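**Q**
4 protein chains.
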Amino acid sequence: MKPSNKKSWRYKLHEIIYEADTPMGKLFDVVLLFLILLSVVLVMLESIKGVDVKYHYFLNISEWIITIFFTIEYIARIITVKKPRAYIFSFYGIIDFLSTIPLYLSMILVGSHYLLAVRALRLLRVFRILKITRYVGESNKLVKALKDSRAKILVFLFAVLIISIIAGTLMYLIEGEASGFVSIPVSVYWCIVTLTTVGFGDIAPITPLGQFLAALIMIMGYGIIAVPTGIVSAEYTKTLGKQDVLGKDYVHVNTQACRNCGSPKHRDDANFCHKCGEDLHPDENPLV
Amino acid sequence: MKPSNKKSWRYKLHEIIYEADTPMGKLFDVVLLFLILLSVVLVMLESIKGVDVKYHYFLNISEWIITIFFTIEYIARIITVKKPRAYIFSFYGIIDFLSTIPLYLSMILVGSHYLLAVRALRLLRVFRILKITRYVGESNKLVKALKDSRAKILVFLFAVLIISIIAGTLMYLIEGEASGFVSIPVSVYWCIVTLTTVGFGDIAPITPLGQFLAALIMIMGYGIIAVPTGIVSAEYTKTLGKQDVLGKDYVHVNTQACRNCGSPKHRDDANFCHKCGEDLHPDENPLV
Amino acid sequence: MKPSNKKSWRYKLHEIIYEADTPMGKLFDVVLLFLILLSVVLVMLESIKGVDVKYHYFLNISEWIITIFFTIEYIARIITVKKPRAYIFSFYGIIDFLSTIPLYLSMILVGSHYLLAVRALRLLRVFRILKITRYVGESNKLVKALKDSRAKILVFLFAVLIISIIAGTLMYLIEGEASGFVSIPVSVYWCIVTLTTVGFGDIAPITPLGQFLAALIMIMGYGIIAVPTGIVSAEYTKTLGKQDVLGKDYVHVNTQACRNCGSPKHRDDANFCHKCGEDLHPDENPLV
Amino acid sequence: MKPSNKKSWRYKLHEIIYEADTPMGKLFDVVLLFLILLSVVLVMLESIKGVDVKYHYFLNISEWIITIFFTIEYIARIITVKKPRAYIFSFYGIIDFLSTIPLYLSMILVGSHYLLAVRALRLLRVFRILKITRYVGESNKLVKALKDSRAKILVFLFAVLIISIIAGTLMYLIEGEASGFVSIPVSVYWCIVTLTTVGFGDIAPITPLGQFLAALIMIMGYGIIAVPTGIVSAEYTKTLGKQDVLGKDYVHVNTQACRNCGSPKHRDDANFCHKCGEDLHPDENPLV
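One line per chain: the protein sequences are Z, B, F and G, in this order. With the numbering used here applied, the first sequence has no gaps in its numbers, which climb one by one up to 789 at the end. With the numbering used here applied, the second sequence has no gaps in its numbers, which climb one by one up to 789 at the end. With the numbering used here applied, the third sequence has no gaps in its numbers, which climb one by one up to 789 at the end. With the numbering used here applied, the fourth sequence has no gaps in its numbers, which climb one by one up to 789 at the end.
Here it is in structure tokens:
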């Protein structure tokens with residue numbers, strides 16, 4: 502655990518890329534965020550035919566510039582982390598890779614059929630935007646509340662699915678193919694559409710019995726929507742209560758990430774990584 | 502209450518089929534779950550015309566294999582339980598029977614008209630999937646919260662129904678048959694569709710007065726959706742609170758089922774069935 | 502306050518009609534409930550053309566029988582109550598009158614044009630069903646929770662209305678008449694349909710800007726649906742808390758009604774009417 | 502801080518216009534509220550073609566009368582406030598100006614093209630209605646609960662947006678242009694429509710894979726609607742709790758506004774403006 506007193510360029514770069522506590526780190530994050538949003542907007546614009554025909558060249562150049570920036574950023578992330586493999590195979594490492602590679606792949610693999618498949622990969626770049634949640638402290642609380650009630654919500658959603666299968670099957674038998682209930686899977690799909698109160702209306706019952714069953718399904722959906730709400734409400738109140746007891750750092754709001762293993766979510770007053778023991782603030786260490 | 506010291510094959514089979522505490526019991530439940538899901542998927546696929554025409558033979562064979570497995574399982578359940586009648590006339594006993602019998606019935610009763618009715622019975626097999634909830638501990642909590650607020654939810658749903666009847670009648674008088682409000686029942690159906698915020702759009706008001714009343718109904722529906730949610734939320738918080746006080750076994754999470762009467766929901770530390778007094782763990786009993 | 506020791510027939514009839522504590526009273530309420538439901542179903546069936554043509558005579562006779570029963574019941578209610586005027590001009594008194602009179606009116610006033618207006622009055626008979634809530638104890642709790650949060654819900658609904666007017670006006674300017682936004686009122690109607698997540702789809706934006714604004718409205722609606730729910734949830738929890746403190750009779754579950762003024766909602770242990778001082782149980786009174 | 506002992510006409514007018522504690526002030530507010538509502542209704546009626554053609558002259562006159570009243574009111578507000586600039590550039594000052602000016606502008610700027618743009622400005626007058634919330638005490642509590650959970654709701658809505666972008670992109674790739682998914686932005690719009698359970702049905706998936714993904718999106722939307730509800734519910738309960746502790750003036754229910762700087766939300770027992778120190782009740786001041 503010997504801290505390097507002199508800040509190396511790799512250490513400085515790590516500070517900039519992985520943390521948002523310094524002015525340079527903040528600037529980097531804001532620029533990155535802007536570029537991710539821009540790349541998402543570009544992919545969107547490209548999908549609109551009128552826009553693609555008119556600005557094809559401009560969109561193409563812009564995407565290459567962003568891809569090159571993302572490539573540099575990806576390499577920099579690998580260089581500055583002490584254990585690159587931990588980063589590469591982490592959730593964000595894989596997303597970073599998948600959001601950089603598609604444009605390069607589209608150059609090697611030529612052919613109209615293949616290009617379409619590559620495009621699908623390119624669209625995965627939108628996942629990059631998920632990074633934003635890293636920087637927003639409040640999201641941790643939400644994620645915690647959701648995680649705590651995960652099991653309950655899953656059981657609940659499973660119950661919804663069973664009801665949909667049973668009711669969907671009955672609707673298929675009652676309505677028949679005249680009103681759009683052409684098969685049980687389509688009927689189950691309609692049932693989910695109805696139970697969740699979405700109600701597209703592309704498929705709708707026309708027989709009195711079908712409308713009666715549909716009314717029952719709706720009222721049921723209206724009644725059971727209360728269940729997950731009640732669960733999350735209770736769990737969130739609990740989380741809020743715990744936070745009041747344990748203080749503000751119960752949920753982690755800093756952007757600190759270990760230089761060695763890259764693991765986040767350190768306490769605000771942490772000096773060493775809780776995973777690998779790496780010194781988090783080498784130059785501030787009073788013992789050295 | 503003389504426990505049989507030597508484990509008989511019936512005792513072993515009971516352990517496997519009715520409980521999920523042993524490795525064999527767990528395997529059995531997983532395989533059963535998989536087969537139930539498969540049978541549901543098969544019924545679904547059969548309802549899609551294109552698939553049924555192409556793979557009719559394969560689907561037929563698969564259904565027979567699953568039906569035979571279900572038959573063996575059903576017989577095994579009856580043999581291993583000490584009081585078979587209690588099982589046969591229990592909720593799951595009836596579902597097990599109804600999900601096994603339709604294919605056999607379709608052999609005896611021939612005729613295009615009758616076959617359709619038998620098909621309806623066959624589709625009841627989807628109820629089998631309900632068994633899954635047996636194995637998920639969390640579901641008990643949900644069921645408890647729902648049961649506790651059952652009376653309130655029923656009153657609430659009844660209020661929704663009354664509002665729908667009154668508003669539906671008014672809409673029928675205002676809109677007339679031009680915009681789809683052909684009779685009061687259809688009008689009430691539309692009202693439920695609107696009040697539950699489903700909104701198919703197959704029937705929609707076109708007169709200014711009708712649209713005004715529809716807007717009132719929607720805002721009302723939007724406002725009263727809060728009521729069941731508030732109820733379940735409060736009840737669930739109470740259940741959660743009780744659980745913290747009474748400990749984890751307040752809600753039953755084990756899969757223990759009595760060998761004698763088949764009643765579930767024993768406490769984790771129970772030695773004897775709370776219904777018939779049968780010894781739950783005969784070979785572990787220190788008194789013997 | 503001199504109690505009549507000998508039970509008169511008027512006293513006995515009052516017991517049967519207004520209270521549900523005696524076997525005869527219970528029977529009367531169940532029969533009445535059944536007849537109200539039947540009359541609602543009859544009005545519904547009459548509105549379906551096919552049914553009306555086929556069973557016109559039967560429906561007509563049935564309605565006359567029910568109307569005569571309702572007439573007798575209405576007269577009996579007036580006779581048995583000590584202060585008939587208080588009953589006649591009470592909420593239920595007016596509903597009872599309005600649900601009895603239409604059929605008699607349809608005999609006096611003849612003419613196709615007038616008959617239609619009379620029909621509208623006849624349909625008010627569905628209000629009779631509202632009586633049911635009198636007999637269900639749980640409904641009082643719900644009504645209390647709703648009353649306590651009435652002011653907040655009204656302010657909230659008013660906010661929804663303002664948002665709808667502003668957003669509706671903007672949508673009218675953006676979308677124009679091509680996609681169904683023919684006037685501001687229709688546009689506001691669409692906005693309420695969208696904000697309450699009903700979404701009929703008879704009117705839907707087609708311009709990119711209109712779809713963008715629609716998306717904003719939906720997300721807003723999705724976000725603010727939480728407000729009334731939170732309010733009712735908090736209020737209901739408070740009501741539930743109070744009930745635990747004050748005991749079960751905090752919310753009134755008995756069906757007692759004063760013989761003199763007809764006011765309900767007496768405490769379970771009440772001996773005298775809290776409004777007029779009339780003795781509630783004259784023959785049980787130990788002082789006499 | 503020298504209070505003017507003698508009530509000047511400006512002081513009296515200030516009392517009437519800015520406060521609702523005196524009978525005259527209440528009357529003024531009610532009349533103003535009525536006129537604002539009337540002007541909103543007039544703008545609405547004008548947008549209906551049939552009405553505009555028939556009553557064009559009447560609507561025109563009515564709007565001029567209201568505009569003149571609003572102009573007088575606007576000037577009176579500027580005169581009676583000690584620091585007019587603070588009022589003019591405040592939120593309500595700008596809304597007051599924007600809801601008065603359009604009719605005058607439509608006289609100077611002539612031309613069919615320009616008139617349409619001016620109309621857009623005129624419609625901003627509906628913002629005037631927002632004033633109503635000033636006078637309703639309950640609204641402050643709601644606004645407070647919403648403000649407290651603003652950060653959480655924003656993070657949540659952001660999460661909804663990310664899910665919509667990802668799912669929308671996938672739906673565009675799966676469904677193609679046949680079923681209305683013509684571009685990624687339209688696809689994202691559809692996804693928001695579905696996730697918020699609005700479900701117009703103008704765009705709906707037709708491929709099995711698209712319907713499966715749509716079902717997933719709906720169930721997800723059904724599950725996550727619980728999150729903001731839970732948040733607001735918990736926050737509101739907290740606000741309710743605080744209010745019980747701090748007393749009724751924790752949320753501000755009086756209509757007092759400073760004569761000097763116009764800032765509202767003074768405590769009920771406040772003697773001096775909490776912003777500029779101006780005496781709030783000069784003639785009641787015991788020190789003078």
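Even for Gly, the Cβ is constructed at its ideal location relative to N, Cα and C. Computed from a predicted structure; not experimentally measured.
How do the stretch 674-683 of chain Z and the stretch 692-712 of chain Z stand: do at least 3 beta-carbon pairs fall below 8 angstroms, yes or no?
**A** The stretch 674-683 of chain Z is in contact with the stretch 692-712 of chain Z.
**Q** Would you say G724/Z lies against chain B (beta-carbon separation less than 8 angstroms)?
**A** Answer yes: the Cβ-Cβ gap between G724/Z and chain B drops below 8 angstroms somewhere.
**Q** Could you tell me which chain G residues have their CB closer than 7 angstroms to the CB of T695/F, listed as they occur along the chain?
**A** Chain G residues near T695/F: V699.
**Q** Just list the alpha helix (DSSP H) runs in the stretch 672-706 of chain G, keeping only unbroken ones of 4 residues or longer that don't cross its boundaries, in chain order.
**A** Those alpha helix (DSSP H) runs which fall completely within the stretch 672-706 of chain G and span 4+ residues are 685-696.
**Q** Please list, in chain order, the chain B residues whose beta carbon lies closer than 7 angstroms to that of A705/Z.
**A** Going along chain B in sequence order, the residues near A705/Z (Cβ under 7 angstroms) are F701 and D703.
**Q** How many angstroms separate the CA atom of G677/F from the CA atom of G711/F?
**A** Whole-angstrom Cα-Cα distance: 10 angstroms.
**Q** What separation, rounded to the nearest whole angstrom, lies between the Cα atoms of T568/Z and L604/Z?
**A** Each residue's Cα considered, the two are about 7 angstroms apart.
**Q** Which term fits F590/Z, buried or exposed, when burial requires 16 or more other beta carbons within 10 angstroms of its beta carbon?
**A** Exposed: under 16 other Cβ atoms inside 10 Å.
**Q** Check whether the Cβ of I602/B lies closer than 8 angstroms to any Cβ atom in chain F.
**A** Chain F, which has no Cβ nearer than 8 angstroms to the Cβ of I602/B, makes this no.
**Q** Output yes or no for whether 8 angstroms exceeds the beta carbon distance between L696/B and V661/B.
**A** Yes, these two residues count as a Cβ contact at 8 angstroms.
**Q** Helix, strand or coil, according to DSSP, for S563/F in the structure here?
**A** It is helical.
**Q** With a cut-off of 8 angstroms on the beta carbons, I'd call T730/G and T730/F a contact; round off their distance for me.
**A** Between T730/F and T730/G the Cβ distance is about 5 angstroms, and since that is below 8 angstroms, they are a contact.
**Q** Any beta carbon from chain Z within less than 8 angstroms of V683/B's own beta carbon?
**A** So no, V683/B is outside the interface.
**Q** Can you tell me where the alpha helix (DSSP H) with S540/F in it begins and where it stops?
**A** S540/F -> alpha helix (DSSP H) spans P524 to S548.
**Q** Does the beta carbon of S734/Z come closer than 8 angstroms to any beta carbon on chain F?
**A** So yes, S734/Z belongs to the interface.
**Q** With H, G and I counted as helix, E and B as strand and the rest as coil, what does DSSP make of T670/B?
**A** Helix at T670/B.
**Q** Go through its chain and collect everything with a Cβ distance to I666/G's Cβ below 7 angstroms, but skip five positions before and after it.
**A** Excluding positions up to five away in sequence, the list reads V689.
**Q** Applying the 10 Å Cβ sphere with the 16-neighbour rule, what's the burial state of Y519/F?
**A** Under this definition Y519/F is a buried residue.
**Q** Mind reading off the beta-carbon distance from L533/B to T581/B? Whole number of angstroms is fine, and I expect it under 8 angstroms.
**A** Between T581/B and L533/B the Cβ distance is about 15 angstroms, and since that is not below 8 angstroms, they are no contact.
**Q** Kindly give me the distance between the Cβ atoms of G700/Z and V694/B, rounded to whole angstroms, as I take these residues to be in contact under 8 angstroms.
**A** Their Cβ separation, rounded to whole angstroms, is 7 angstroms, which keeps G700/Z and V694/B in contact under 8 angstroms.
**Q** Between the C-alpha atoms of I663/F and T670/Z, what's the straight-line distance to the nearest angstrom?
**A** Their backbone Cα atoms lie some 43 angstroms apart in a straight line.
**Q** Who are the near neighbours of I718/Z in its chain, counting only those whose CB is closer than 7 angstroms to its CB and skipping five residues on each side?
**A** Contacts found: A668, C692, T695 and L696.
**Q** Return the first residue and the last residue of the alpha helix (DSSP H) that F713/Z is part of.
**A** Here the alpha helix (DSSP H) through F713/Z covers P709 to I725.
**Q** Hey, how far is the Cα of L631/Z from the Cα of I596/F?
**A** Low local confidence applies: a pLDDT of 46 at L631/Z is under 50, so the model's placement there is unreliable, with the coordinate-based value given in what follows. The straight-line gap from Cα to Cα measures roughly 59 angstroms.
**Q** Check the Cβ of T730/Z against every Cβ in chain F and list those closer than 8 angstroms, keeping chain order.
**A** T730, listed in chain order.
**Q** My understanding is that I517/G touches M525/G, with C-beta atoms under 8 angstroms, so please give their C-beta distance in whole angstroms.
**A** Contact holds; Cβ gap of about 5 angstroms.
**Q** Whole angstroms is fine: what's the gap from K648/F's alpha carbon to E547/Z's?
**A** Taking the straight line joining both Cα atoms gives about 54 angstroms.
**Q** List the whole-angstrom C-beta distance separating V544/Z from I685/G, where the pair is believed to meet the contact cut-off of C-beta under 8 angstroms.
**A** Rounded, the Cβ-Cβ distance is 7 angstroms, consistent with contact.
**Q** Going by beta carbon distance, what residues of the same chain come within less than 6 angstroms of Y512/G, once the five residues before and after it are set aside?
**A** If we look at Y512/G and ignore the five residues flanking it on each side, it has no Cβ neighbours.
**Q** If distances are taken between C-alpha atoms only, which option among Y723/B, Y673/B and V554/B comes closest to F657/F?
**A** Residue Y723/B is the option with its Cα nearest to F657/F.
**Q** Name the chain F residues whose beta carbon is nearer than 7 angstroms to that of S548/G?
**A** In chain order: Y673, S684 and I685.
**Q** Along the alpha helix (DSSP H) that carries K513/Z, what are the first and last residues, could you check?
**A** That run of the alpha helix (DSSP H) goes W510 to Y519.
**Q** Determine the direct distance from the alpha carbon of V687/F to that of L606/G, and round the result to whole angstroms.
**A** Cα to Cα, L606/G sits roughly 27 angstroms from V687/F.
**Q** Cβ of G702/Z within 8 angstroms of Cβ of G702/B?
**A** Result yes, Cβ atoms of G702/Z and G702/B sit closer than 8 angstroms.
**Q** From the beta carbon of A716/B, is the nearest beta carbon of chain F less than 8 angstroms away?
**A** For A716/B, the answer is yes, since a Cβ of chain F falls inside 8 angstroms of its Cβ.
**Q** Quick one: does Y690/B have its CB under 8 angstroms from some CB of chain Z?
**A** Closer than 8 angstroms to some Cβ of chain Z, the Cβ of Y690/B qualifies, so yes.
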